[in-house]
């Protein structure tokens with residue numbers, strides 16, 4: 005019997021718009037991705053590979069203040085000169101692409117980037133960009149690609165196709181000399197460790213893109229109290245992150261002990277807080293053997309999205325989402341779910357409808373994902389550690 009095999013990518017083959025060298029790179033990256041996936045830890049809580057990776061994750065979470073500072077301050081001049089070049093180029097559209105947490109990073113910064121550049125900034129999943137949403141990519145488009153490894157196949161595919169259509173490319177990566185830097189017109193480096201499940205690389209990338217946006221705004225001649233406040237908040241972010249991590253630790257650990265073993269954990273947010281919701285779902289799936297979903301805040305109300313007993317984390321920084329976040333907490337209780345809030349001190353209404361809320365310090369909604377992501381990161385690790393303890397005790 006003849007077994008048919010699909011090509012590694014629709015961008016590899018005789019009909020591909022890419023040159024032979026680019027096609028060879030894509031083919032190689034797809035093969036390497038398959039090998040990487042085969043080597044990932046299993047869901048077994050006794051799997052030493054899983055235990056080892058989770059073990060690296062909490063120290064990396066706690067070291068995020070240094071990563072933010074090293075990324076933004078350590079590359080300050082490069083960020084500024086890149087911003088000036090982007091402002092001069094007069095792009096009419098910015099496409100922000102990546103996969104998984106990288107895509108969530110773009111969602112976190114989209115609002116700020118649009119306000120500072122004055123053009124549409126669209127987070128587009130890398131496969132969608134490579135295979136579907138590329139018809140209007142042209143020389144007036146800037147594509148910002150984020151890949152911590154620098155070798156993510158779909159991200160490279162989307163960027164290579166965009167480059168072939170005349171777009172300029174900006175790479176954000178944790179890996180100097182990687183493929184994403186080789187194909188790009190601009191490169192900004194992320195300073196982060198990646199032995200554990202990704203946390204540092206995402207947080208540092210958000211801070212990096214936020215600083216880039218503010219520098220573009222400055223190059224465009226934008227001023228005002230709001231911009232000054234954003235810059236002050238970003239400058240203080242390493243200290244703010246450190247304080248939040250110290251404050252939430254015991255309460256998050258206690259809740260994780262209670263929720264460990266939950267078969268499903270839900271997260272929801274809107275606007276920039278979509279990123280924190282997506283990070284939360286990703287970390288639960290990576291660290292634990294349970295499942296998790298991130299549901300856009302409005303979409304939560306168009307289905308029976310929560311089942312009895314399921315925990316729902318509502319990420320609700322100050323902003324337009326407040327009224328719908330309140331509705332969501334109330335509706336979750338009607339459906340016998342368990343709502344938990346991540347809010348600021350002024351949001352007593354949402355907090356009052358939740359079993360428990362983690363209160364964040366004051367920060368603008370546009371930068372809120374930098375701290376509102378922290379409770380969900382810590383939660384996932386402690387749920388996993390409790391799972392490991394239970395599995396070991398039952399052996």
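Residue numbers (this note's numbering): 5 to 399. Positions of the beta carbon are idealized from the N, C-alpha and C atoms, including for glycine. Given the structure is predicted, the values throughout are model-derived calculations rather than measurements.
Between residue 213 and residue 117, the CB-CB gap stays under 8 Å. In the structure shown, residue 127 falls within a strand segment according to DSSP collapsed to helix, strand and coil. Distance check between residue 111 and each of 377, 381 and 395 places 377 closest, using alpha-carbon atoms only. By a beta-carbon distance limit of 8 Å, residue 252 does not contact residue 95. Their separation comes to about 39 Å. For residue 345, the uninterrupted beta strand (DSSP E) run begins and ends at 342 to 348, by DSSP. Given a length threshold of 3 residues, each whole run of the beta strand (DSSP E) inside the stretch 292 to 352 is given here in chain order: 295 to 300, 315 to 320 and 342 to 348. Contact check for residue 369 against residue 321 passes: the beta carbons are separated by less than 8 Å. For residue 175, the pairing in a beta bridge is given by DSSP as 149 and 191. Between residue 179 and residue 153 the beta-carbon gap is near 6 Å, inside 8 Å, which marks them as a contact. For residue 362, the uninterrupted beta strand (DSSP E) run begins and ends at 360 to 364, by DSSP.
In the DSSP assignment, residue 270 falls within the unbroken beta strand (DSSP E) covering 268 to 273. For residue 98, the enclosing beta strand (DSSP E) has its first and last residue at 97 to 102.
Collapsing the DSSP output to three states places residue 203 in coil. Taking all protein chains in view, the Cβ of residue 159 is crowded by 16 or more other Cβ atoms within 10 Å, so the residue is classified as buried.
Residue 113 and residue 399 have their C-alpha atoms spaced approximately 45 Å apart. Within its own chain, the residues whose Cβ lies closer than 6 Å to the Cβ of residue 296, once the five positions on either side in sequence are excluded, are 269, 285, 288 and 289, listed in chain order.
Here residue 381 is near residue 203, since their CB atoms are less than 8 Å apart. When rounded, the separation of the alpha-carbon atoms in residue 366 and residue 33 is 43 Å.
In this structure residue 325 is not in contact with residue 353, their Cβ atoms being roughly 13 Å apart against a cut-off of 8 Å. Judged by beta-carbon spacing, residue 263 lies within the 8 Å limit of residue 387, meaning their Cβ atoms are closer than that value. Rounded to the nearest angstrom, the gap between the Cα atoms of residue 275 and residue 115 is 8 Å. Ranked by how close their Cα comes to the Cα of residue 61, the residues 396, 389, 394 and 397 have 389 in first place.
Distance between residue 265 and residue 294, taken at the CA atoms: about 7 Å. Cβ neighbours of residue 47 within its own chain (closer than 7 Å, five residues either side excluded): 293. Exclusion of the five residues before and after residue 357 leaves 333 and 334 as the residues of its chain whose Cβ lies within less than 6 Å of its Cβ. Taking the Cα of residue 219 as reference, the smallest distance to any Cα among 76, 99 and 65 is reached at 76.
Taken through DSSP and simplified to helix, strand or coil, residue 14 comes out as coil.
Under a 10 Å Cβ-count criterion, residue 44 is classified as exposed, with fewer than 16 other Cβ atoms of the shown protein chains found around its own Cβ.
For residue 278, the closest of 104, 360 and 28 by C-alpha to C-alpha distance is 104. Collapsing the DSSP output to three states places residue 143 in coil. In this model, residue 299 and residue 309 are separated by some 8 Å (Cα to Cα).
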